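Residue numbers for the sequence shown follow our numbering, beginning at 139 and rising by one. Ideal Cβ positions, reconstructed from N, Cα and C, are used throughout, including at glycine. Predicted model only: the values in this text are computed from it and were never measured. The structure appears right after this line, and notes come after that.
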Amino acid sequence: MPTASEYQAAVSKSVTNMDRLDQIVNGDADTVVTTDNGTVPSIAKLLEDNTPSAASPVFVITGTTHTLSSENCNAILVFTNNSDITLTIPSDASLNAPNGCFVEILQKGDGNIIPTAGAGLQPLEVKENFSRSSAKHSVIGLRKRAANTWYFTGDMK
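What follows is the structure in structure tokens.
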């Protein structure tokens, strides 16, 4: 049978955890709660940190080469050339993109977009060894998964 001090410790821990839960549920967009196993952001902070901006920046690329830059993260790249276009993804040594960086890529010209891994980058992860956008009006996505690791998805061949 538990002792009085064990009951008191359990009640104290329950009160502390109820206070933490209240902060997680009702905290503002700056609230981060320290728990026994690390920190947890409030729901308001999670929503603010993970809500995309109303308008992603759009970059129109007219040439036949483009090297991804940090300003391209969470942006839309529109490629308009009628010749094939090489899109180079640099390694982390020269591209400071956070994990989770997403780039939407639109092929508006006749030139296919050919993603290429820069020096020091892991081979790009693509579906079924596809190597390029499929055709005019194709949409593909590029996401950084981890250090020097990117994957493509979408309308590719």
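Asked	Found
Inspect the beta-carbon positions of F240 and G279 and report whether they are closer than 8 Å.	yes
Which residue or residues does DSSP assign as beta-bridge partners of R281?	F240 and Y289
From T203 to G238, what does the alpha carbon distance come to, in whole angstroms?	24 Å
DSSP beta-bridge partners for A255?	I227
Going by alpha carbons, who is nearest to F217 out of A235, I251, T205 and S232?	I251
Express the C-alpha separation of T226 and A257 in angstroms, rounding to a whole number.	10 Å
Using the C-alpha atoms, what's the distance from T224 back to L122?	Since the first and last residues shown for the chain are 139 and 295, residue 122 lies out of range.
Rounded C-beta distance between I162 and V153? I'm assuming under 8 Å.	At roughly 15 Å, the Cβ-Cβ gap does not stay under 8 Å, so I162 and V153 are not in contact.
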